[in-house]
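Student: If you scroll down you'll find the structure; I have some questions about it.
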Amino acid sequence: MSATSDAPRRLTVADIGRMHADGQRIAMLTAYDYPTARLLDEAGIPILLVGDSLGRVMLGYENEIPVSMADMLHHTAAVTRGASRALVVGDMPFLSYATPEAAVANAGRFLAEAGAQAVKVEGGVRTGRTIEALVKAGIPTMGHVGWTPQSANQAGRVRVQGKSREQARALLGDALAVQEAGAFALVLELVPEQLAGAITERLRIPTIGIGAGGGCSGQVQVVTDLLGLDTWRPKHARAYADLRSTIVEAARAWAADIATGQFPAAAETVRMDETVLDDALGRSALDRGLDMPAGGIPLDRDL
Ligand code: KIV
2 MSATSDAPRR
12 LTVADIGRMH
22 ADGQRIAMLT
32 AYDYPTARLL
42 DEAGIPILLV
52 GDSLGRVMLG
62 YENEIPVSMA
72 DMLHHTAAVT
82 RGASRALVVG
92 DMPFLSYATP
102 EAAVANAGRF
112 LAEAGAQAVK
122 VEGGVRTGRT
132 IEALVKAGIP
142 TMGHVGWTPQ
152 SANQAGRVRV
162 QGKSREQARA
172 LLGDALAVQE
182 AGAFALVLEL
192 VPEQLAGAIT
202 ERLRIPTIGI
212 GAGGGCSGQV
222 QVVTDLLGLD
232 TWRPKHARAY
242 ADLRSTIVEA
252 ARAWAADIAT
262 GQFPAAAETV
272 RMDETVLDDA
282 LGRSALDRGL
292 DMPAGGIPLD
302 RDL
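Be aware that the sequence shown starts at 2, since it is given in the numbering used here, and climbs by one per residue.
Given below as structure tokens:
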């Protein structure tokens with residue numbers, strides 16, 4: 002890319018910090034593929050998260066646990082090819098950051114192989130040392146507390162976190178630990194609005210809420226919920242489009258046009274010079290219009 006190119010500059014974590022300092026609310030969407038990343042980039046979304054929700058919404062798994070490093074790197078690379086301006090955050094999958102050493106090695110792959118600019122890890126106090134190691138290694142890191150999908154086997158069913166006094170204090174401690182470890186932003190998932198607001202007020206880094214009310218520094222939504230791609234979406238999500246109906250209707254209309262012979266029409270069809278075809282088929286212009294024999298072109302006409 003030349004120095005005079007009009008291509009937009011890739012946002013960095015410093016830009017996100019400046020947006021927060023300027024009081025701008027930060028929008029983050031998940032993205033999992035090249036065409037969607039291009040569109041979200043065109044829409045000016047500053048942060049694209051290649052979430053491990055990939056497992057549920059794109060790969061058809063029951064939850065996030067089966068998502069592998071290979072899955073995440075494959076999809077993160079597609080997103081970074083599609084988005085030229087957004088900061089791309091790769092979500093570290095289950096067990097890929099179980100020790101600080103493993104975390105640095107795996108997070109390095111998100112940056113070096115998949116082109117992400119940052120990674121996200123779940124957990125508060127328990128993940129502090131890991132976040133410290135990542136940041137020390139030069140890997141911008143986003144935290145994630147509240148409901149953390151990778152803990153589903155320990156935590157049980159999906160539910161709002163921090164509703165009791167003890168839980169609220171623990172969650173505040175988790176958020177502070179993530180900040181002190183050096184994270185540049187923190188996702189708050191399924192947290193009561195007042196608690197999320199209180200945490201946001203006490204942190205220097207931006208909080209990005211999902212099901213955490215309007216008092217966070219920014220919001221994140223799973224893109225398939227935003228686009229209305231499924232029949233179900235969580236209560237906290239809002240659909241801004243009904244792509245499910247659009248896609249089903251488009252597929253049905255196309256199949257119907259095939260059935261009635263209306264697709265393809267002249268505009269979707271390529272024709273060639275008839276004389277060239279006559280020559281190729283060994284027929285004269287006078288033969289044109291004769292019905293093709295059932296067995297295809299007779300051998301004597303081939304020569
Ligand atoms: O994986 C994901 O999509 C996430 C968001 C819900 C924050 O972690």
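We put the CB at the ideal spot given by N, CA and C, even for glycine. Note that the structure is predicted; figures quoted are calculated from it, not measured.
Ends of the alpha helix (DSSP H) at Ala169?
Tutor: First-last of the alpha helix (DSSP H) with Ala169: 166-181.
Student: Write down the C-beta distance between Val146 and Asp92 rounded to the nearest angstrom, noting that I regard them as a contact closer than 8 Å.
Tutor: Going by Cβ atoms, the distance from Val146 to Asp92 rounds to 14 Å, so no, they are not a contact pair.
Student: Quick check on Leu88: does DSSP put it in helix, strand or coil?
Tutor: Reduced to three states, the DSSP call for Leu88 is strand.
Student: Give me the Cα-Cα distance between Arg302 and Ala254, rounded to the nearest whole angstrom.
Tutor: Because the pLDDT of Arg302 is 47, which lies under 50, any placement of that residue in the model is unreliable, and the number read from its coordinates should be weighed accordingly. Roughly 41 Å between the two C-alpha positions.
Student: Would you grab the beta carbon distance between Thr208 and Ser218 for me? Rounded to a whole angstrom, and I think it's under 8 Å.
Tutor: With a Cβ gap of about 5 Å, Thr208 and Ser218 count as contacting.
Student: What do you reckon, are the CB atoms on Ser54 and Pro193 nearer than 9 Å?
Tutor: Not in contact: Ser54 and Pro193 (Cβ atoms no closer than 9 Å).
Student: Does the stretch 176-185 come close enough to the stretch 113-126 that 3 or more CB-CB pairs lie under 8 Å?
Tutor: With a cut-off of 8 Å, the stretch 176-185 and the stretch 113-126 count as touching, because enough Cβ pairs lie within range.
Student: Could you tell me whether any non-hydrogen atom of ligand 1 is closer than 8 Å to the CB of Gly52?
Tutor: Checking every heavy atom of ligand 1 against the Cβ of Gly52, one is found closer than 8 Å.
Student: Considering only heavy atoms of ligand 1, does any lie closer than 8 Å to the CB of Pro101?
Tutor: No, the beta carbon of Pro101 sits no closer than 8 Å to any heavy atom of ligand 1.
Student: Ordered along the chain, which non-local residues of its own chain (more than five positions away) have a Cβ less than 7 Å from that of Val58?
Tutor: Val223, Thr225.
Student: In its own chain, which residues sit with a C-beta less than 8 Å from the C-beta of Ala104, not counting the 5 before and 5 after it?
Tutor: Around Ala104: Met93, Ser97, Tyr98, Val122, Thr131, Ala134, Leu135.
Student: Below 6 Å CB to CB, which residues in the same chain sit around Ala153 once its five sequence neighbours on both sides are set aside?
Tutor: Closer than 6 Å at Cβ, skipping near neighbours: Asn64.
Student: Apart from the five residues just before and just after Leu88, which ones in its own chain have a Cβ nearer than 6 Å to its Cβ?
Tutor: Taken in chain order, the residues that qualify are Leu12, Ile48, Gln118.
Student: Quick one: what's Ile27 bridged to in DSSP?
Tutor: Ile27 is bridged to Gly219.
Student: Who are the Cβ neighbours of Pro67 in its own chain at under 7 Å, not counting the five residues just before and after it?
Tutor: Excluding positions up to five away in sequence, the list reads Gly56.
Student: Please state if the CB of Tyr35 and the CB of Val80 are separated by a distance shorter than 9 Å.
Tutor: For Val80 and Tyr35, yes; Cβs fall inside 9 Å.
Student: With DSSP collapsed to three states, give me the class of Val249.
Tutor: Three-state DSSP puts Val249 in a helix.
Student: Between which residues of its own chain and Arg82 is the CB-CB distance below 8 Å, once the five residues before and five after are set aside?
Tutor: Contacts found: Tyr35, Ala38, Gly116.
Student: Quick one: Cα of Val120 to Cα of Gly139, how far?
Tutor: The alpha-carbon atoms of Val120 and Gly139 are separated by roughly 11 Å.
Student: Could you check what DSSP says for Val14 in three-state terms: helix, strand or coil?
Tutor: Helix.
Student: What are the boundary residues of the alpha helix (DSSP H) that Met70 is part of?
Tutor: 70-83 is the span of the alpha helix (DSSP H), which, as asked, contains Met70.
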